[in-house]
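Here the structure comes first, spelled out in structure tokens, and everything after it is commentary.
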Amino acid sequence: MRLAELRSWQPAPGRVWEVRPTAATVEAIRATSSDAGAPSFLQADHLGAYAALAAAPQPARHMAWTGIVSAVERPLMPQHWLDALAGLLVDHEGQRTWFLPGADGQPVRRLLDAAVVQAPEAFELVELVDLSAAPAAQFADRLHAWIDETFPQRCTPDSWPAFGLVLVEREAELEFAWACDHAFTDAASQMMLGVELAERYDALLTERTPDPAYVPPAAERGSFLVHAAAERERAASYSPDAPEVARWREVLGAQGNRLPSFPLDLGLAAGESAPVRILEHPLVEGDELAALERHVKAAGARVPSAVVAACAVAEARLTGRDRYLGVTVLGTRDTGPYARAQGWFCNFAPLEVDLRGHDRLASVLPVAEAAFAQARALNRMPVHVALGVLLAEGTLSPESLGSPQLLSYLDLRWLPGATGQGAGATAYRRGLHFTGEGRTRNASSWFNRDANRLYVAVQAPDTEQALASTVRYYDEVRVVLRSLAHDGDAPLGLGAPVASGVG
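Counted the way UniProt numbering counts, the sequence shown spans residues 1 to 503.
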């Protein structure tokens with residue numbers, strides 16, 4: 001499994017098919033009127049941004065969707081493929097939802113009945129003849145151009161399906177690209193979906209029961225609708241003077257009452273954004289990665305904490321700032337039976353690493369480990385509780401919330417398919433997780449660890465300065481991590497600070 005830009009997928013030529021709902025399914029969608037509950041907090045934010053995009057004087061394309069590319073090493077049997085898709089949609093009801101404005105203007109969730117997608121002719125495969133006939137040298141580029149043009153229309157939160165699905169058929173295998181509006185998915189969901197869909201299809205072809213290692217039982221695929229309702233109940237249990245809110249206030253106060261931004265110049269004016277460019281930066285791999293893990297464990301920490309420590313030290317070396325603030329993406333799957341469910345199971349928490357009083361890397365590792373522990377303790381409270389209070393009291397400004405700098409750490413070794421064999425393992429091995437490439441004013445980092453390497457995927461602005469700055473910063477992060485891998489310690493290497501604490 002890789003996390004990279006979609007254009008790194010270079011499929012060989014084949015017949016190209018798109019999965020589409022039939023006329024009967026479209027009619028059932030139009031007839032669906034039930035209210036299936038309020039959106040989650042992140043979904044509500046997403047819907048607000050989507051509405052603002054549509055209402056802009058010059059509406060931009062909707063690019064807030066993510067996807068997965070993978071493969072099944074079997075020939076295409078159309079009805080079996082459509083049946084596999086139907087089974088997935090039945091088991092994950094969040095993938096059968098969309099949102100429409102209610103009478104009061106607030107979004108209302110619609111839920112398509114499972115019987116609709118189980119109908120024998122719920123979907124059809126439509127050949128994209130022009131793509132199938134594309135010259136071999138142009139095939140991949142033309143397919144990418146089609147996806148770039150089509151998926152922004154397919155992957156929207158206010159219609160169903162909220163996903164796009166295209167297949168490339170060859171004699172002995174098929175590849176598929178699935179993308180879904182972000183309101184209904186997250187990175188882990190997408191990577192698990194590719195594995196699950198491939199396993200369901202292979203099981204139908206071979207007339208066997210799907211392997212539960214790749215297709216989750218009911219106890220691990222709870223409904224995202226239930227999760228969203230529970231999140232709102234949990235949020236209501238916090239008051240403005242809750243300790244968790246106070247911690248957010250304290251951390252942001254030490255940083256000038258603003259959320260973090262990328263520490264180096266990205267070549268953008270204040271408030272300006274630019275098209276996203278996905279960059280991949282190697283950090284450590286093989287024996288170095290194993291040595292890094294040994295050394296950080298000996299210091300009472302873990303590799304994710306070493307990554308945060310490296311980010312803090314790299315920022316201090318390059319800017320002189322001695323108090324690092326990051327906002328990390330944390331999962332919420334542990335709040336219920338959601339280990340392998342489909343949905344947007346994410347929350348955010350601050351990571352503060354204070355380097356004052358430290359002059360060695362080894363002494364920073366426990367500080368970073370404690371920062372992660374504190375972030376996990378804050379994770380029960382939906383971040384929107386704290387942000388709502390801080391906005392209401394004027395601690396934060398609305399403008400500061402648009403595009404914060406995020407840090408994510410994904411250990412891909414624990415995903416279904418990372419070990420084992422069969423169709424699910426093949427789908428994992430050949431998987432590529434990608435995102436729609438919209439606009440950004442930061443360079444959020446997605447640190448990923450697999451069996452043999454640790455690397456970072458960066459969503460950076462597509463400017464020359466951003467490219468230079470991100471390379472400079474993540475080169476320094478790599479230097480710190482390699483120092484830990486080789487020696488378990490090193491001097492922090494901080495010169496006279498040019499800025500201290502705030503900045």
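Heads up, the beta-carbon is just placed ideally off N, CA and C, and yes, glycines get one too.
{"Asked": "Contact the stretch 328-343 vs the stretch 221-237: 3+ CB pairs below 8 Å", "Found": "yes"}
{"Asked": "Where His295 falls: helix, strand or coil (DSSP)", "Found": "helix"}
{"Asked": "CA-to-CA distance, Gln43 to Ala242, given in whole angstroms", "Found": "24 Å"}
{"Asked": "Contact check, Trp9 vs Val69, beta carbons under 7 Å", "Found": "yes"}
{"Asked": "Beta-bridge pairing of Gly331 - partner residues as DSSP gives them", "Found": "Cys346"}
{"Asked": "Separation of Ala64 from Met381, as counted between CA atoms", "Found": "25 Å"}
{"Asked": "Continuous alpha helix (DSSP H) stretch holding Tyr455: start and end", "Found": "Run containing Tyr455: none in the alpha helix (DSSP H); it sits in the beta strand (DSSP E), 453-461."}
{"Asked": "DSSP state of His80 mapped onto helix, strand, coil", "Found": "helix"}
{"Asked": "Segment limits, beta strand (DSSP E) that includes Tyr338", "Found": "Note, Tyr338: premise wrong, no beta strand (DSSP E); not H, not E."}
{"Asked": "Collapsed DSSP secondary structure at Arg360 in the structure displayed", "Found": "strand"}
{"Asked": "Cα-Cα separation, Ala371 to Ser189", "Found": "26 Å"}
{"Asked": "Neighbour-count burial assignment, Arg110, 16 or more Cβ in a 10 Å radius", "Found": "buried"}
{"Asked": "Residue(s) in a DSSP beta bridge with His486", "Found": "Note: His486 sits in no beta bridge, so no partner."}
{"Asked": "Helix, strand or coil at Arg221 according to DSSP, with G and I counted as helix", "Found": "coil"}
{"Asked": "Unbroken stretches of the beta strand (DSSP E), 3 residues or longer, contained in the stretch 5-88", "Found": "15-21, 65-72"}
{"Asked": "Three-pair Cβ contact test at 8 Å for the stretch 271-282 versus the stretch 443-462", "Found": "yes"}
{"Asked": "Ordered list of beta strand (DSSP E) runs contained in the stretch 190-222, each at least 3 residues", "Found": "none"}
{"Asked": "Per-residue DSSP class, three states only, for Asp287", "Found": "helix"}
{"Asked": "Reduced DSSP secondary structure (H/G/I, E/B, other) of Cys155", "Found": "coil"}
{"Asked": "Own chain residues within Cβ distance below 6 Å of Gly503, not counting five before or after", "Found": "Confidence in Gly503 is poor, its pLDDT being 33 and thus under 50, which makes the residue's placement unreliable; the coordinate value appears in the next sentence. Closer than 6 Å at Cβ, skipping near neighbours: Arg321."}
{"Asked": "Where Pro101 sits in the DSSP three-state scheme", "Found": "strand"}
{"Asked": "The beta strand (DSSP E) enclosing Trp446, as first and last residue numbers", "Found": "444-449"}
{"Asked": "First through last residue of the beta strand (DSSP E) which encompasses Pro398", "Found": "First-last for Pro398: undefined, no H or E at that position."}
{"Asked": "Ala213 versus Leu412 - alpha carbon distance", "Found": "15 Å"}
{"Asked": "Cβ-based burial, Val26 [other Cβ within 10 Å; buried from 16]", "Found": "exposed"}
{"Asked": "Alpha carbon of Val480 to alpha carbon of Ala310, nearest angstrom", "Found": "5 Å"}
{"Asked": "Buried or exposed by the 16-neighbour rule on C-beta atoms within 10 Å, applied to Glu399", "Found": "exposed"}
{"Asked": "Per DSSP, the bridge partner or partners of Phe176", "Found": "Ser70, Leu167"}
{"Asked": "CB of Val19 within 7 Å of CB of Ser132, strictly", "Found": "no"}
{"Asked": "Reduced DSSP category for Phe123 - H, G, I as helix; E, B as strand; rest coil", "Found": "strand"}
{"Asked": "Contacts around Pro152, its chain only, beta-carbon distance under 8 Å, and the 5 residues preceding and following it disregarded", "Found": "Arg61, His62, Met63, Trp65, Gly436"}
{"Asked": "Beta-carbon separation (whole angstroms), Phe163 vs Ala179, contact threshold 8 Å", "Found": "6 Å"}
{"Asked": "Inter-residue Cα distance where the pair is Thr470 and Ala460", "Found": "8 Å"}
{"Asked": "Pair within 7 Å by beta-carbon distance, Ala229 and Gly420", "Found": "no"}
{"Asked": "C-alpha gap between Thr426 and Gly417, whole angstroms", "Found": "7 Å"}
{"Asked": "Cut-off 8 Å between Cβ atoms - residues of its own chain near Leu128, not counting five sequence neighbours on either side", "Found": "Val16, Trp17, Glu18, Trp146, Val166"}
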